[in-house]
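Below: one structure, written as structure tokens.
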Amino acid sequence: MISGCRVIFEDLRESGVDVVPLLPQKKVVHDSREDTEPPASVPVAETLAEIQQELNDCQRCGLCRERTQVVFGVGNPQARLVLVGEAPGFQEDKKGEPFVGEAGQLLDRILFAMKLRREDVYICNVIKCRPPKNRDPEKAEITSCEAFLKRQLAAIAPEMILSLGRFATQTLLQSSAPIGKLRGHWQSYEGIPLMPTFHPAYLLRNPAGKYQVWEDVKQVMHRLQEGTG
Ligand code: URA
Ligand code: URA
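Numbers 118 to 346, taken from our numbering, label the letters of the sequence shown in order.
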């Protein structure tokens, strides 16, 4: 059996692995609201589609001037695991989907090593529009966009979050601690276990960090398998 770490390092076409055991999906609880109206006092959670609609033609910050489109997020609205990145890059801005460029291809390999497909998880970013020349997001841009990330996470209510890199981790944890200190240790976002790890774009520049990312995602895999999110 090929090891997960090798999958992260090597091209999958050469790995010969084609059978991917899937994690069980989150149990679907029968929704009694289909039969009876909820009492007026029970708040009904908003859906991802409703949140996305509010971002159509968003002009809350200056990134709207140079973006091609808002990159909202992709994947399973009932995902047990949500991955949060920083902001769309060139390819993501063109396609309207997060993590489809070079860093995204590495992320796909990390997911494959975790025995997950993109459609099993939900993937989004802190910032929904591409910063010009992929510069770091500014504080004001994070402030105007992060409420939408929080609402996405509330709508999905995942069992676990994997935060990719410094921006996602520091934003979700409201922390200024360096990613090198936070990664590999379980944290908590609104009561949801959150594992910080390095960003795949960082791994493209520093491949040695893949060993640490593999250690981090193994902790996520174990927790998913135990169902103790
Ligand atoms: N980097 C990110 O943080 N997000 C993307 O969607 C692509 C690259
Ligand atoms: N710096 C970042 O912003 N992210 C990483 O993952 C590593 C270093």
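For each residue, glycine too, the CB sits at the ideal point set by N, CA and C.
Keep in mind the model is a prediction, meaning the values are calculated, not measured.
**Prompt:** Can you list, in chain order, the residues of its chain whose CB lies under 7 Å from that of G344, leaving out five sequence neighbours each side?
**Reply:** none
**Prompt:** When you compare only the Cα positions, how much space is there between L198 and M231?
**Reply:** 11 Å
**Request:** Return the first residue and the last residue of the alpha helix (DSSP H) that V199 is part of.
**Result:** Per DSSP, V199 belongs to no alpha helix (DSSP H); it is in the beta strand (DSSP E), 198 to 202.
**Message:** Using a Cβ-Cβ cutoff of less than 7 Å, which residues in the same chain neighbour C181 once the five nearest sequence positions on both sides are dropped?
**Reply:** C175, C246
**Request:** With M338 as the anchor, note down where its alpha helix (DSSP H) starts and where it stops.
**Result:** 327 to 343
**Message:** Which same chain residues end up closer than 7 Å to L320 when comparing Cβ atoms and leaving out the 5 residues on each side of it in sequence?
**Reply:** L223, G326, K327, V330
**Prompt:** From which residue to which residue does the alpha helix (DSSP H) around S261 run?
**Reply:** 256 to 273
**Request:** For L139, name the three-state secondary structure that DSSP assigns.
**Result:** The predicted model places L139 with a pLDDT of 49, which falls under 50 and marks its position as unreliable, so this point remains unresolved.
**Prompt:** Mind listing, in chain order, the residues whose beta carbon lies closer than 6 Å to a non-hydrogen atom of ligand 2?
**Reply:** G282, R283, I296, F315, H316, Y319
**Asked** Does the beta-carbon of A204 have 16 or more other beta-carbons within 10 angstroms, so that it is buried, or is it exposed?
**Response** buried
**Prompt:** Does the region 255 to 272 come close enough to the region 212 to 223 that 3 or more CB-CB pairs lie under 8 Å?
**Reply:** no
**Message:** Does the distance between the C-beta of E332 and the nearest non-hydrogen atom of ligand 1 fall short of 6 Å?
**Reply:** no
**Asked** Opposite I309 in the DSSP bridges: which residues?
**Response** Y306
**Item:** I244 in three-state terms, based on DSSP
**Value:** coil
**Request:** Within the same chain, show all residues whose beta-carbon is closer than 8 Å to that of V337, passing over the 5 residues directly before and after it, in chain order.
**Result:** L198, M231, M277, L279, M312
**Item:** Separation of E171 from D210, as counted between CA atoms
**Value:** 18 Å
**Request:** State the CB to CB distance for the pair P215 and I240, rounded to an integer number of angstroms; the pair is presumed to be in contact (CB under 8 Å).
**Result:** 5 Å
**Prompt:** Considering only residues of the same chain and omitting the five flanking positions on each side of G133, which have a CB-CB separation below 6 Å?
**Reply:** Any reading at G133 must be qualified, since the residue scores a pLDDT of 47, below 50, and its modelled position is unreliable; the value itself is stated next. Taken in chain order, the list of residues that qualify is empty.
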